[in-house]
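The opening residue of the sequence shown carries number 3 in our numbering; numbering runs sequentially from there. Built from N, CA and C at the ideal position, the CB exists for glycine as well.
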Amino acid sequence: MATRLRAVDAEERPAPRKPAAARRRAREAEILAATRELFDRTGVRDAQIDDIAKAVGVNRAIIYRHFSGKEELFALTLVSYLDDLGEALEAAARARRTPLTKLAAVTEAFVDFGLDHPAFVDCALTIMRRPGPELLDEISESAMFRLGRGMSVCLAHVRDVLVAGNEAGDFHVDDPVLLANHMYASSLGALQLARVGMLVREQSPGVPAIAPVSSADVKRYVVRTAQALAVGG
């Protein structure tokens, strides 16, 4: 009888609550997931804090309790994209054998990811447009660390390919880290060009003209530019 009562008591006893830190991490992850879903659906420009709060089922004050502001929310949502991008870059490099084909595959994977996730491009460009000191004032140290870690993992895949190319004698890159960062920034700009789908040229002296450009054209150009920079140093 006593054993049965103890079993009943155990069933009726409420489950222990998660520690406060665990609850906070879970809510933060929920907010970031809702933010990314909103970015993918409506774009970064039209995303509002109230829409994110509504998707999570909280008021906007809860959002600001977890994040210092919109910039930090954007930065940590970018980390989510970078995590997925890093996996794509790693898989692309692993699937090719020579440094030149690895570099082409990694560059193509970056461009494909940006084309499939326009919000990633917007988010990354939004962060890059801010001077470093401003970001440090608006984003917490822990958020900056997570953002830096996400970027460094992605850049490391490119750097490793460049280093391997140097060692094989195929590439002549003085500073693989700098070139990897340059490729990241310039590819984001190229992805924006692919989204616009137009080139500006001079039809005749002083007369501008618009010409179409396809995503495939931009992708080929980005790949060839990356290879030329690596081979030529």
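Count the other CB atoms within 10 Å of the CB of Ala22; is the residue buried (16 or more) or exposed (fewer)?
exposed
Drop a sphere of 10 angstroms on the beta-carbon of Arg161, count the other beta-carbons inside from all chains shown, and report buried for 16 or more, exposed for fewer.
Around the C-beta of Arg161, 16 or more other C-beta atoms lie within 10 Å, and the residue is accordingly described as buried.
Roughly how far, in whole angstroms, is the beta-carbon of Gln194 from the beta-carbon of Val113, given that I think they are within contact range, below 8 angstroms?
Wrong, their Cβ atoms sit about 12 angstroms apart, outside the cutoff.
Of all the beta strand (DSSP E) runs that stay within the bounds of the stretch 51 to 87, which reach a length of 3 or more residues?
Entirely contained in the stretch 51 to 87, not one beta strand (DSSP E) run reaches 3 residues.
Mind checking whether Ile54 and Thr37 have CB atoms under 7 angstroms apart?
Result yes, Cβ atoms of Ile54 and Thr37 sit closer than 7 angstroms.
With DSSP as the reference, label Ala12 as helix, strand or coil.
Since pLDDT at Ala12 reaches only 49, below the 50 mark, its modelled position is unreliable, and no value is offered.
Straight-line Cα distance separating Arg25 from Phe173:
49 angstroms
Return yes when the C-beta of Thr109 is under 6 angstroms from any heavy atom of the ligand MN, and no when it is not.
The model on display carries no ligand, and the ligand MN is accordingly not part of it.
His159: which of Met200, Ala95 and Arg99 sits nearest, CA to CA?
Comparing Cα-Cα distances from His159 to each of Met200, Ala95 and Arg99, the minimum goes to Ala95.
How about Ala228 and Leu105: do their beta carbons lie closer than 7 angstroms?
yes
Sort Val202, Ala121, Pro178 and Ala107 by Cα distance to Leu46 and report the nearest one.
In the sequence under discussion, the amino acid at residue 46 is Val, which differs from the Leu named in the question. Nearest option by C-alpha distance: Ala121.
Classify Leu7: buried if its beta carbon has 16 or more other beta carbons within 10 angstroms, exposed otherwise.
Confidence in Leu7 is poor, its pLDDT being 45 and thus under 50, which makes the residue's placement unreliable; the coordinate value appears in the next sentence. So Leu7 counts as exposed.
Give me the Cα-Cα distance between Ser216 and Ala28, rounded to the nearest whole angstrom.
Taking the straight line from one Cα to the other gives about 41 angstroms.
What does the alpha-carbon distance come out to for the pair Lys56 and Ala63?
Cα-Cα distance, rounded: 12 angstroms.
When we look at the beta-carbon of Ser189 and count the other beta-carbons within 10 Å, is it buried (16 or more) or exposed?
buried
Check the C-beta distance from Met200 over to Pro214 and give it rounded, since I have them as a contact under 8 angstroms.
Yes, Met200 and Pro214 are in contact; Cβ-Cβ is about 6 angstroms, under 8 angstroms.
Every unbroken beta strand (DSSP E) within the stretch 188 to 215, with a cutoff of 3 residues, ordered by chain:
200 to 206 and 209 to 214
In this structure, does DSSP put Leu7 in helix, strand or coil?
Note that Leu7 scores 45 on pLDDT, short of 50, meaning its location in the model is unreliable; the coordinates nonetheless yield the value given after this. In this structure, Leu7 counts as helix in the three-state DSSP scheme.
Verify whether the separation of the beta carbon atoms of Gly167 and Pro101 is less than 7 angstroms.
yes
Compare the C-alpha of Leu231 against each of Leu164, Pro207, Gly134 and Ala145 and name the closest.
Leu164
Endpoints, the alpha helix (DSSP H) within which Pro120 is located
Counting along the chain, the alpha helix (DSSP H) containing Pro120 begins and ends at Pro120 to Met130.
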